[in-house]
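To convert, count from 1 in the sequence shown and add 165; that's the numbering used here.
Using N, Cα and C, we set each Cβ at its ideal position, and we do this for glycine too.
Accompanying notes for the structure given below.
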Amino acid sequence: MSHIKKQKVIIIGAGFGGISLAALLSKKGFEVHIYEKNEQVGGRARIFSEQGYTFDMGPSWYMMPDVFEDFFSVLGENIQDYFTLTRLSPSYRVFLKSENCHYDFFSDRKKNGELFESIEPGSAQKLFDYLDESARQYQIAKKEFMYKNYDSIFDFFNKRVMQEGRKLEIFNTMKKIIGRTFKSELLQKVMQFQMVLLGTAPKDAPGIYRLMNHVDFDLGVWYPNKGIYELPRAIASIAEKNGTTIHLNSPIKKIIVKDKKVLGVTLESGEDVFADIVVSNADMHYTEQTLLGEELSDRKESYWAKKKMAPSALIMYLGTGKQFDSLSHHNLLFSEDWDLNFKQIFDTDMFPEDPSIYVCAPSKTDKTVAPEGKENLFVLVPIASGLTYDTETLEKWADNVISILEKNMGMTGLRESIEYKKIYCVKDFERDYHSYKGSALGLAHTLTQSALWRPNNVSKKVKGLYFVGANTNPGIGMPICVISAETVYKRILGITDPEPLKEI
Ligand SMILES: Cc1cc2nc3c(=O)[nH]c(=O)nc-3n(C[C@H](O)[C@H](O)[C@H](O)COP(=O)(O)OP(=O)(O)OC[C@H]3O[C@@H](n4cnc5c(N)ncnc54)[C@H](O)[C@@H]3O)c2cc1C
166 MSHIKKQKVI IIGAGFGGIS LAALLSKKGF EVHIYEKNEQ VGGRARIFSE QGYTFDMGPS
226 WYMMPDVFED FFSVLGENIQ DYFTLTRLSP SYRVFLKSEN CHYDFFSDRK KNGELFESIE
286 PGSAQKLFDY LDESARQYQI AKKEFMYKNY DSIFDFFNKR VMQEGRKLEI FNTMKKIIGR
346 TFKSELLQKV MQFQMVLLGT APKDAPGIYR LMNHVDFDLG VWYPNKGIYE LPRAIASIAE
406 KNGTTIHLNS PIKKIIVKDK KVLGVTLESG EDVFADIVVS NADMHYTEQT LLGEELSDRK
466 ESYWAKKKMA PSALIMYLGT GKQFDSLSHH NLLFSEDWDL NFKQIFDTDM FPEDPSIYVC
526 APSKTDKTVA PEGKENLFVL VPIASGLTYD TETLEKWADN VISILEKNMG MTGLRESIEY
586 KKIYCVKDFE RDYHSYKGSA LGLAHTLTQS ALWRPNNVSK KVKGLYFVGA NTNPGIGMPI
646 CVISAETVYK RILGITDPEP LKEI
């Protein structure tokens, strides 16, 4: 394998996909350099601290712990050596505007069964049967779909898909599947909201994503003590231990190509750096249109114009001088008119009149993220990507959200208690991550933007150029981007086994 040892790899971007791939390739003996434009690793999962508060900037739901454990183990590492995980109980709290009350959901079948039964008689058994099937499909997906590279239609419509046929319900939607299983509007919403984590409306999400219900209700929602950032911090430190060099504050300006073969990259400083392989973890549209140029790209601008992007978000990072007893760690307030809300998020360019709102209060679990007796709040409203606004409008939206939190989530006195506030929105996603239309997550997971139909992780036109991260397969989310690193690793090494890696 000495020829492998000599290969030099440049990775553009230190998001989950970039650092995970670096950890794998450097463990294998490749010479790996990551160039990251920002001052920290982690991509959308960065942190910042102000006035004694430490905020995770992006992800807050640590799900699919099995994927991270397996990944660390492939690298010869034990995840417990890096951070301690707490299983959240409840997993999350759902507030209802109409009833002015809340319900707690757990990763505990007995507790959820009792709650479902109290909301809709007869629904507990339906939940158990539904989850058994979701669990089975999760195992099939892990073994045969998620860690696989796709090159032809037969990679997707394989023997297993044919055998499982209708059960996988690839051409059915989550909205229909949930709608025929549960009658209660609340239960339907609770079983569908996970699609938002995939950046998709339930009416557009293929039935295969029912596996997300197993992820939520069986595998649970976890929290790494000291915050989500412990995860990218750990993966980056393993990459460095394995020999990767991480260059921070080092934006790339161009990918250098000659005779349809990648030669390296040009840094914003003007310096050229050469390599055998270049992998971009930066936004796919930006990589192709700006770093590569349309002529060498597999997709044209017209392709992107037709694509459905996952929502952007209005985010508020709040430090409050008091704590709010009404809150749990994760809190959701669902819009009353669910269909209209999704329409406004995906199909229009207006701020939703009756927004769904997510509030994370990590200070409920972790005393290190806020000064004693105070609350660390991450407030997120999904909004349409590409939405335009001025500073005054943004402040007005944020202020309106604060009023809703006070009224509908029991957070009386929130406005007066705020001692730190930072607003983050569409333009910030564009500036910080070069994200197309300022989407928070990237390409939505509709059927025609999943698997074979999602942009591939290898360039058709430029030899030696690969892509890793949320816009390629398998898609959006921290664990999913870690898996995307495994699939690129397999691609580079010529491994065709569809199962998760077992060793390097
Ligand atoms: C608000 C929010 C909440 C989320 N919540 C969750 C959650 O709860 N759970 C979950 O699992 N997932 C969640 N996600 C999704 C998850 O964070 C992402 O899917 C994942 O982090 C994306 O990783 P990535 O590998 O695609 O890289 P990215 O995070 O997109 O990172 C790409 C990196 O490339 C860098 N880059 C771009 N251009 C250049 C250049 N020219 N030169 C050098 N570097 C460059 C960027 O600076 C960035 O660091 C959330 C995301 C957001 C934004």
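Helix, strand or coil at residue i according to DSSP, with G and I counted as helix
{"i": "I583", "result": "strand"}
{"i": "L658", "result": "helix"}
{"i": "S272", "result": "coil"}
{"i": "I420", "result": "strand"}
{"i": "V653", "result": "helix"}
{"i": "K667", "result": "coil"}
{"i": "I169", "result": "Confidence at I169 is low in this model, with a pLDDT of 46, below 50, so its placement is unreliable and no value can be given for it."}
{"i": "V259", "result": "strand"}
{"i": "F181", "result": "helix"}
{"i": "I335", "result": "coil"}
{"i": "H495", "result": "strand"}
{"i": "I641", "result": "coil"}
{"i": "C590", "result": "coil"}
{"i": "K308", "result": "helix"}
{"i": "W387", "result": "strand"}
{"i": "K368", "result": "coil"}
{"i": "V206", "result": "coil"}
{"i": "E324", "result": "One point to set straight first is that residue 324 is Lys, not Glu, in the sequence displayed. In the structure shown, K324 sits in a helix (DSSP, three-state: H, G or I)."}
Beta-ladder partner(s) of residue i, from DSSP
{"i": "N541", "result": "G484"}
{"i": "D437", "result": "T431"}
{"i": "I199", "result": "I176, I411"}
{"i": "I548", "result": "S477"}
{"i": "V623", "result": "Y631"}
{"i": "S445", "result": "I177, F632"}
{"i": "Y596", "result": "Looking at the sequence provided, one finds Arg at residue 596 rather than Tyr. Beta-bridge pairing links R596 to no other residue."}
{"i": "L608", "result": "M474"}
{"i": "H267", "result": "F260"}
{"i": "K426", "result": "K423, K628"}
{"i": "Y227", "result": "W387"}
Minimum C-alpha distance to residue i - residue among the options
{"i": "G575", "options": "G178, V206, Q488", "result": "Q488"}
{"i": "F322", "options": "M643, R656, W618, G634", "result": "W618"}
{"i": "V206", "options": "A401, Q216, M229, G372", "result": "A401"}
{"i": "P644", "options": "D231, E201, I199", "result": "D231"}
{"i": "V566", "options": "P536, F543, R464", "result": "F543"}
{"i": "N496", "options": "Y523, A478, L505", "result": "Y523"}
{"i": "L253", "options": "S272, L498, F237", "result": "S272"}
{"i": "P547", "options": "T611, F233, F511, T558", "result": "F511"}
{"i": "G672", "options": "T553, K625, N622", "result": "As shown, the chain starts at 166 and ends at 669. That puts residue 672 outside it, with no answer to give."}
{"i": "I588", "options": "E595, A563, L186", "result": "A563"}
{"i": "D504", "options": "G429, I417, Q353", "result": "Q353"}
{"i": "A366", "options": "N506, C646, L190, A188", "result": "N506"}
{"i": "L376", "options": "K202, R258, G429, I335", "result": "I335"}
{"i": "Y631", "options": "C646, Y654, G642", "result": "Y654"}
{"i": "V386", "options": "E518, L250, N337", "result": "L250"}
Limits of the unbroken beta strand (DSSP E) element including residue i
{"i": "R345", "result": "It is not in any beta strand (DSSP E) - R345 instead sits in the alpha helix (DSSP H) that spans 339-346."}
{"i": "T219", "result": "218-221"}
{"i": "N565", "result": "Careful: N565 lies outside any beta strand (DSSP E), inside the alpha helix (DSSP H) at 556-573."}
{"i": "S214", "result": "212-215"}
{"i": "I510", "result": "Unbroken run through I510 is the alpha helix (DSSP H), 503-511; no beta strand (DSSP E)."}
{"i": "V355", "result": "Unbroken run through V355 is the alpha helix (DSSP H), 350-357; no beta strand (DSSP E)."}
{"i": "R252", "result": "250-252"}
{"i": "Y523", "result": "522-525"}
Beta-carbon proximity list for residue i, same chain, < 6 Å, skipping 5 on both sides
{"i": "D316", "result": "none"}
{"i": "Y601", "result": "D448, H450"}
{"i": "H168", "result": "With a pLDDT of only 47 at H168, under the threshold of 50, the placement of this residue in the model should not be trusted; the figure read from the coordinates follows. Correct list: empty, nothing qualifies."}
{"i": "R209", "result": "G223"}
{"i": "L570", "result": "M576, L579"}
{"i": "G183", "result": "I176, I199, N446"}
{"i": "D441", "result": "Q172, K173"}
{"i": "P416", "result": "K202, E433"}
Residue i: first and last residue of the uninterrupted alpha helix (DSSP H) it sits in
{"i": "W469", "result": "466-470"}
{"i": "I403", "result": "395-406"}
{"i": "H379", "result": "376-379"}
{"i": "F233", "result": "230-239"}
{"i": "I318", "result": "318-321"}
{"i": "S299", "result": "288-305"}
Short CB-CB distance (under 7 Å) between residue i and chain D
{"i": "K465", "result": "Chain labels in this structure do not include chain D; a single protein chain is all it has."}
Contacting residues, own chain, Cβ-Cβ under 8 Å from residue i (five flanking each side not counted)
{"i": "N378", "result": "Y295, L296, S299, M356, Q359"}
{"i": "E204", "result": "L413, N414"}
{"i": "T661", "result": "N314, K655"}
Proximal residues to residue i (C-beta, below 7 Å), its chain only, five neighbours per side dropped
{"i": "F382", "result": "S272, N277, L296"}
{"i": "G486", "result": "K539, S582, E584"}
{"i": "N407", "result": "A188, S191, K192"}
{"i": "E664", "result": "K308, Y312"}
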